[in-house]
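Novice: End of the sequence shown sits at 410 in my numbering; the numbers just go up one at a time, nothing left out. Built from N, CA and C at the ideal position, the CB exists for glycine as well.
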Amino acid sequence: MIRVTLVQLLLLYAVAFHHTTRRISRYPLHLGSSPEALPDSIMTLSRFMIESTRSNPDHADLESLMSSIQIACKAIATNVVSKAGIVTLDGQEHYASSSSSSRSSSSSSSSSSGDGSLSHADAGQAIFDRANSVLKSALRFTGKLGVLSGSTAGDNNSKSNNNHPMLIEEAWNSKYVAVFDPLDGSDNIDAGISTGTIFGIFTEAEECLVDFGEDVSDSARQCLLQTLQPGVNLVAAGYCLYSSSTVLMLSFGAGVHGFTLDPSIGEFILTHPNVKIPSRGRYYSVNEANQHKWSNNLQDYFQDIKRGRGELGASYTARYIGSLVADIHRTLLYGGIFAYPADSKRPKGKLNLLHEVGPLAFLLEQAGGGASTGYGRILEIVPKALDEKTGCFLGSKDDVKEVEKYLAR
Ligand code: F6P
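1. State the beta-bridge partners of residue 177 as determined by DSSP.
2. At a cut-off of 7 angstroms, is residue 341 close to the ligand F6P when judged by its beta-carbon and the heavy atoms of the ligand?
3. Would you decide whether residue 289 is buried or exposed? Buried here means 16 or more other CB atoms lie within 10 Å of its CB.
4. So what's residue 387 in DSSP terms, helix, strand or just coil?
5. For a test of the three-state rule: what should DSSP assign to residue 374, helix, strand or coil?
6. Is residue 232 helix, strand or coil by DSSP?
7. Less than 8 angstroms between the C-beta atoms of residue 359 and residue 201, yes or no?
8. Which of helix, strand or coil does DSSP assign to residue 279?
9. Would you call the CB atoms of residue 255 and residue 363 closer than 8 angstroms?
10. Given residue 291, which residues of its chain have a CB within under 7 angstroms of its CB, disregarding the five upstream and five downstream residues?
11. At the level of alpha carbons, what is the spacing between residue 230 and residue 355?
12. Got a sec: is the Cβ-Cβ distance from residue 304 to anything in chain B below 8 angstroms?
13. Taking C-alpha atoms, which residue in 236, 124, 357, 304 lies nearest to residue 82?
14. What residue from 127, 198, 56 has the CA that sits closest to residue 330's CA?
15. Using the three-state DSSP reduction, which class does residue 248 fall into: helix, strand or coil?
16. Could you tell me if the beta carbon of residue 357 falls within a distance shorter than 7 angstroms of some heavy atom in the ligand F6P?
17. Have a look at 269, 287, 40, 265 and flag the residue whose alpha-carbon is nearest the alpha-carbon of residue 250.
18. Please state whether DSSP places residue 344 in a helix, a strand or coil.
19. Are at least three pairs of beta-carbons, each pair with one atom in the region 266–286 and one in the region 395–404, less than 8 angstroms apart?
20. Quick test of your reading: residue 332 and residue 396, contact by CB under 8 angstroms. State the CB separation rounded to the nearest angstrom.
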């Protein structure tokens with residue numbers, strides 16, 4: 002039996018108190034309920050944007066775009082993602098113990114199981130659609146918006162999220178065009194898995210206005226395609242992670258900064274200034290079920306790092322959530338490598354270049370990391386199609402270089 006003396010209890014209390022005060026001293030929470038009451042030492046995302054615009058007036062348009070994005074992230078975190086499992090396809094709240102009438106309303110609009118509960122895929126789609134409309138409403142302030150439905154052409158994986166629309170936003174009188182993945186990872190949301198919104202902002206190469214609120218016509222689609230450029234041209238990119246906390250990571254091309262949503266005041270607070278990814282890590286993150294479809298060189302790489310036979314000389318350990326933003330966030334903070342490589346079944350990989358891999362590659366490079374197809378820099382790929390896919394290796398610089406060396410053998 003374990004006996005705990007009073008002295009031991011006091012010691013435990015002292016250690017816990019010490020950790021609590023250390024955490025609090027990084028970001029004091031003794032604030033009023035209104036953001037105006039924030040002391041100057043607390044950097045909110047809005048303040049950060051104002052200061053960044055002051056030192057770089059070119060960022061003025063970005064400020065309004067970022068303000069819409071942060072509103073959307075807050076709304077998705079608090080009104081959409083946190084309601085996963087209790088909201089049905091038709092927007093009604095659904096409780097397992099609720100009356101049969103609420104169940105029948107859900108079953109009428111979905112391919113639900115006999116008991117009225119949503120299927121795995123429908124639950125993800127319902128939440129995705131809500132996130133999508135939240136983002137659209139938030140962006141409405143900035144100007145015109147196009148909704149592009151991702152094509153499934155060339156991808157024979159029916160379970161992928163390629164039918165999910167991608168938003169393309171183009172602000173009135175603004176020189177920017179933005180691409181979004183409204184809720185990546187939503188396919189698994191009914192299992193409580195973290196999800197994220199990804200965004201990338203380009204300077205517009207050519208004027209190409211799209212009718213607001215309408216799906217994009219073929220000619221507008223062609224026009225938009227011309228405005229889309231390689232990732233090196235991104236002026237800003239980032240993601241919102243919806244998890245145990247809501248984190249917004251972003252870069253305007255001069256480093257990466259991370260903001261955590263403080264739900265008590267509804268503000269994103271700068272918690273991760275100037276994030277730098279370690280030059281090497283010990284985590285690898287890949288769907289190993291695809292191993293038999295990889296090239297021999299790629300199989301050798303993963304075998305070697307697992308067994309401590311790689312350049313690091315120590316064994317790597319696996320971490321794979323299967324939700325892109327969550328896997329990238331961990332990789333950015335702890336280092337290591339995330340991979341969704343091209344394979345024999347998907348010679349172009351699975352992930353979308355424009356609204357998934359490109360913005361994340363930009364962020365990782367800005368944090369001092371690497372982003373490669375395995376054969377070249379992702380940010381240099383000139384997109385030929387809106388639904389273009391690419392294989393990718395994203396993470397610590399030395400880890401990404403190492404996998405490139407294996408693939409070049
Ligand atoms: O693109 C959708 C997505 O769910 C990503 O969030 C994730 O990284 C990837 O697909 C997971 O794919 P798989 O289930 O094939 O490992």
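Specialist: Straight from the coordinates:
1. 204
2. yes
3. exposed
4. coil
5. coil
6. helix
7. yes
8. coil
9. no
10. 344
11. 9 angstroms
12. Annotation note: the requested chain B is absent from the structure, which comprises a single protein chain.
13. 124
14. 198
15. strand
16. yes
17. 269
18. coil
19. yes
20. 5 angstroms
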